[in-house]
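S.K.: Once you've had a glance at the structure underneath, I'll fire off some questions.
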Amino acid sequence: MKLNLYVLTPKRIIWDCEVKEIILSTNSGQIGVLPNHAPINTEVDMGPLRIRLLNDQWLTAVLWSGFARIVNNEIIILGNDAELGSDIDPEEAQKALEIAEANLSKAEGTKEQSSLSDELGYESRLSIGFPHPI
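The numbers in this note's numbering rise by one with no breaks, and the one at position 55 of the sequence shown is 407.
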């Protein structure tokens, strides 16, 4: 059996294809979804989305929060933003992570630290988002 996976953002359609399995980061942890999964609506957390293709290869995408609906072997993910791992330049991501870490260490006040901490989370997830085997 197969799953129909749709990953949509306000800017574009990231994914619209049949897959065997996904591993999704939710607000309560990661969940694996196989065919005939119980219906669920869940908040998507910032983090990796691992996609197992029909040929058993794995791809990685990075999601920046949103919502997912899983029902009748169909997965619809509405994300604030997303990037396929193949679209991420590891060197650029590493540089962005280093800049975010430096800015956080210089931050003064709780509000600025909180804002920069969110940015650091974004950059660190981006830096690990490029393709790698599970």
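Glycine is no exception: its CB is placed at the ideal position from the N, C-alpha and C atoms.
Report the three-state DSSP secondary structure of S457 (helix, strand or coil).
M.R.: Counted from its first residue, the sequence shown places residue 457 at position 105. In the structure shown, S457 sits in a helix (DSSP, three-state: H, G or I).
S.K.: Assuming contact is defined by CB atoms lying nearer than 9 Å, are A413 and G381 in contact in what I supplied?
M.R.: As a first step, residue 413 is located in the sequence shown; it is residue number 61 there, counting from the start. As a first step, residue 381 is located in the sequence shown; it is residue number 29 there, counting from the start. Result no, Cβ atoms of A413 and G381 do not sit closer than 9 Å.
S.K.: Beta-carbon within less than 8 Å of I365's beta-carbon, same chain only, minus the 5 sequence neighbours each way: which residues are those?
M.R.: Stepping through the sequence shown from its first residue, residue 365 is reached at position 13. Excluding sequence neighbours, I365 sits near Y358, V359.
S.K.: Rounded to a whole number of angstroms, what is the C-alpha to C-alpha distance between T361 and L376?
M.R.: Position 9 of the sequence shown, counted from the start, is the residue given in the question as residue 361. Position 24 of the sequence shown, counted from the start, is the residue given in the question as residue 376. Spanning the two alpha carbons is a distance of roughly 16 Å.
S.K.: Since E373 and G384 are thought to touch, with beta carbons under 8 Å apart, how far apart are those beta carbons, to the nearest angstrom?
M.R.: As a working note, residue 373 is residue 21 in the sequence shown. As a working note, residue 384 is residue 32 in the sequence shown. Yes, E373 and G384 are in contact; Cβ-Cβ is about 7 Å, under 8 Å.
S.K.: Please state the DSSP three-state secondary structure of S377.
M.R.: Translated into the one-based positions of the sequence shown, residue 377 becomes position 25. Of the three classes helix, strand and coil, the one that applies to S377 here is strand, per DSSP.
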